[in-house]
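Working notes, structure below.
In the numbering used here, the protein residues as written are 14 to 255.
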């Protein structure tokens with residue numbers, strides 16, 4: 014079930030960014046999640062507010078489900094003569110859920126798709142925990158600082174991130190757990206996982222990273238005064254869940 018209005022679609026067309034997020038707690042029993050898209054509405058000079066402009070009750074979270082929802086929404090907008098493609102500055106910010114990312118890129122290939130900095134930090138912290146490094150992170154100030162260089166890479170311009178990565182990874186020790194953390198970060202966010210080497214090729218090949226640098230870098234968002242996170246949407250969902 015999809016809920017929006019003509020005016021809301023106009024607001025979304027005019028907004029420079031969308032925040033897309035889902036919540037589960039307040040969702041009616043026959044559905045799996047409430048999915049919302051928030052946009053910016055002008056309330057005078059230099060006074061904008063971010064509000065939910067599309068509400069969806071979803072029974073599942075597969076890529077096909079997201080594609081269906083977004084296609085229905087986009088087709089409705091086209092029927093009322095609203096073309097989101099005309100907004101060439103549009104940026105959609107989401108968490109790292111791959112099914113929604115793929116669906117958004119399929120339905121709205123013309124937008125800039127970025128990920129939430131808060132969730133980026135969360136992903137790194139979870140892998141620090143996964144590798145058994147959380148105690149060292151808490152008790153060793155030097156190691157704590159080194160680890161915080163990883164999310165800080167997102168503040169570098171996209172074309173400087175690899176250079177920064179090559180410097181940062183040298184700060185870690187040869188400890189097996191630390192190297193496992195670096196391998197995760199490099200495979201997921203920098204170079205991608207190594208692919209099978211083909212005969213005759215001297216240089217090892219890699220698959221594209223799961224989340225390319227231009228998706229998680231926040232440098233341009235800082236420059237353009239756009240949100241770095243989906244926290245506004247998550248805060249709204251938090252109030253809905255109370």
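Idealized CB from N, CA, C, for every residue including glycine.
(1) Whose C-alpha, out of 160, 168, 120, 218, is nearest the C-alpha of residue 192?
(2) For residue 237, count the other beta carbons within 10 Å of its own beta carbon; 16 or more makes it buried, fewer makes it exposed. Which is it?
(3) Does the Cβ of residue 116 have 16 or more other Cβ atoms within 10 Å, making it buried, or fewer, making it exposed?
(4) Pick from 27, 48, 72, 137: whose alpha carbon is nearest that of residue 56?
(5) Would you mind sorting residue 46 into buried or exposed? The rule is 16 or more other CB atoms within 10 Å of its CB.
(6) Extract the residue ranges of the alpha helix (DSSP H) inside the stretch 119–167, only unbroken runs of 4 or more that lie entirely within it.
(7) Going by C-alpha distance, which of 143, 72, 139, 242 is nearest residue 256?
(8) When DSSP labels each residue in this structure, what does residue 223 get in the three-state scheme?
(9) What distance in whole Å lies between the Cβ atoms of residue 136 and residue 126, which are believed to be in contact at a cut-off of 8 Å?
(10) Check residue 177 in the structure and name its three-state DSSP category.
(11) Using the C-alpha atoms, what's the distance from residue 132 back to residue 180?
(12) In whole angstroms, what separates the C-alpha of residue 54 from that of residue 91?
(13) Measuring straight from C-alpha to C-alpha, what distance separates residue 66 and residue 205?
(14) Answer yes or no: do residue 24 and residue 49 have a C-beta to C-beta separation smaller than 7 Å?
(15) Hey, how far is the Cα of residue 207 from the Cα of residue 149?
(16) The beta strand (DSSP E) spanning residue 33 covers which residue range?
(17) Kindly indicate which three-state DSSP category residue 74 falls into: helix, strand or coil?
(18) Quick one: Cα of residue 195 to Cα of residue 182, how far?
(19) Report the partner residues of residue 49 according to the DSSP bridge assignment.
(20) Since residue 107 sits in a beta bridge, which residues does DSSP pair it with?
(21) Which residue marks the beginning of the alpha helix (DSSP H) containing residue 20, and which one marks its end?
(22) Does DSSP put residue 15 in a helix, in a strand, or in coil?
A quick look at the data gives this:
(1) Ranking the options by Cα distance to residue 192, first place goes to 160.
(2) exposed
(3) buried
(4) The residue with the shortest Cα to Cα distance from residue 56 is 27.
(5) buried
(6) 130–143, 147–152, 154–165
(7) No answer is possible for residue 256: it lies beyond the span of the chain, which begins at 14 and ends at 255.
(8) coil
(9) That pair is no contact at about 17 Å.
(10) helix
(11) 24 Å
(12) 21 Å
(13) 35 Å
(14) no
(15) 29 Å
(16) 30–36
(17) coil
(18) Distance between the alpha carbons of residue 195 and residue 182: 7 Å.
(19) 34, 68
(20) 128
(21) 19–27
(22) strand
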